[in-house]
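Residue numbers (this note's numbering): 17 to 459.
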């Protein structure tokens, strides 16, 4: 699953023209396409202002075309993208495009997920999924070892907004997963905890969110999750953070949520000896379509850059609970399918050469969720994506180093049974005292 990715890098120059720093565009990957070109685009451009304000007939498409035109105004990047666009669209074949913003952090505010061709085709909804990239201060991780089940810790606690839809989306994804899943579910709604426990599902452990942050960290650390998922409110007041409520907060319905989680505290929820999570999903939710910044994207950048998380999905703006659930359900469905297919064939048998390393590209997991959000309600046509911002709100940020997994394919059941019988027989035989030789007859 080694997708051929394109990495375009922005760097701020020390020069100043008309009061603004000069920004250069480079091609990091493919490495043979080297060069440096000017990038003339700012968040104050009319198309981006219109997108933020939600005005115009097709604000998403207009902003996306403006961004892509700024990139393809340069011969080098235009050639690389033209080559990528000319590759036949095979089902399930992706060619991710990443924008490396490590040298130009202010350009995180641009809507890169909306990149759009003149014909109206959005890259992120087709075979060119779009992600953001930052250099991490943490040391690169060459490969991560993985043995199923895939472990997820989900904190669903959005004060005033029920987590029922989010839970149902996760449940549907797990029910249909070809991969074994082990889910830790922490909620603030007592009634929902009771209802889920009644289901008796073997793959989920459900409990209330602890009121003490150290207890919260201990509970999550003991689960050792590969993925850490949040459904809660996000805010930028003071500093970007998540607001996680407890059951007492839900009963009172007044005042702030008990837990105020900044990037360091989020990372600190998984402590050694547990390995850091592969990815964190920040499903910042709102009870109304306010359009205000959630702070989740700033958290995502910090978690990748400062704390070494491989991939973080953060909402640029708060999303409605229904949109959050639809994104989560489709994202995890894509993740479970992708990890399973890296090592196992459709019938569950190990892939040829099943033992070894595989690369998982996180951007490819966002295509189906974005498509669902762009066409909600389902009877809307594809052109709805040009108008609706919901599908560009989830922003994926990754580290520069590729994400590699190594797995030992499970031993087939028949082989395990044979091994167990052989071992049992050996134990029985080892307990038999060998007979002493009888007396020798004289010759």
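Where is the CB? At the ideal position from N, CA and C, for every residue including glycine.
- Collapsing the DSSP output to three states places residue 214 in a helix.
- When rounded, the separation of the alpha-carbon atoms in residue 194 and residue 152 is 32 angstroms.
- Under DSSP, no beta-bridge partner is assigned to residue 81.
- Here residue 39 carries a strand assignment [DSSP, helix/strand/coil].
- The beta carbon of residue 61 sits closer than 7 angstroms to those of 82, all from its chain and outside the five residues before and after it, given in chain order.
- In chain order, 40, 42 place their CB closer than 6 angstroms to the CB of residue 52, counting only its own chain and leaving out the 5 sequence neighbours on each side.
- Distance check between residue 136 and each of 94, 112, 75 places 75 closest, using alpha-carbon atoms only.
- Secondary structure note for residue 348: its alpha helix (DSSP H) is the uninterrupted segment 337-359.
- Of the residues 104, 325, 231, the one whose Cα lies closest to the Cα of residue 202 is 231.
- Rounded to whole angstroms, the gap between the alpha carbons of residue 50 and residue 418 is 20 angstroms.
- Here residue 100 has 22, 111, 144 as same chain residues with Cβ atoms under 7 angstroms from its own Cβ, once five neighbours each way along the sequence are excluded.
- Residue 131 is positioned such that its CB atom lies no closer than 8 angstroms to that of residue 175.
- DSSP, read as helix, strand or coil, puts residue 299 in strand.
- By the Cβ-count criterion, residue 330 is buried, with 16 or more other Cβ atoms from all chains shown falling within 10 Å of its own Cβ.
- Pairing residue 98 with residue 47, the inter-Cα distance amounts to about 16 angstroms.
- Exposed is the label assigned to residue 191, since fewer than 16 other Cβ atoms lie within 10 Å of its Cβ.
- Two segments are said to touch when three or more pairs of C-beta atoms, one from each, lie closer than 8 angstroms; by this definition the stretch 165-181 does not touch the stretch 402-413.
- In terms of Cβ geometry, residue 414 and residue 326 form a close pair [threshold 8 angstroms].
- According to the DSSP assignment, residue 234 belongs to no beta strand (DSSP E) but to the alpha helix (DSSP H) extending over 229-239.
- Of the other Cβ atoms in all chains shown, fewer than 16 fall within 10 Å of the Cβ of residue 207; this residue is therefore exposed.
- Non-local C-beta neighbours of residue 285 in its own chain, meaning closer than 6 angstroms and more than five positions away in sequence, comprise 233, 236, ordered along the chain.
- Listed as beta-bridge partners of residue 249 by DSSP are 259.
- Nearest to residue 247 by C-alpha distance, out of 204, 89, 378, 118, is 204.
- Cβ atoms of residue 280 and residue 244 stay farther apart than 8 angstroms, at about 14 angstroms.
- Taking a C-beta distance under 8 angstroms as the contact criterion, residue 64 and residue 126 qualify as a contact pair.
- The beta carbon of residue 382 sits closer than 6 angstroms to those of 145, 412, all from its chain and outside the five residues before and after it, given in chain order.
- Going by C-alpha positions, residue 24 is about 14 angstroms away from residue 139.
- Within the stretch 134-174, complete beta strand (DSSP E) segments of at least 3 residues are found at 146-150, 166-172, given in chain order.
- At a Cβ-Cβ threshold of 8 angstroms, residue 148 and residue 117 count as neighbours.
- Within its own chain, the residues whose Cβ lies closer than 6 angstroms to the Cβ of residue 162, once the five positions on either side in sequence are excluded, are 421, 423, listed in chain order.
- Across the set 359, 187, 265, the C-alpha of 359 shows the shortest separation from the C-alpha of residue 374.
- Counting along the chain, the unbroken beta strand (DSSP E) around residue 119 starts and ends at 113-119.
- Note that the C-beta distance between residue 200 and residue 352 is not below 8 angstroms.
- Boundaries cannot be given for residue 70, as no beta strand (DSSP E) includes it and DSSP labels it neither H nor E.
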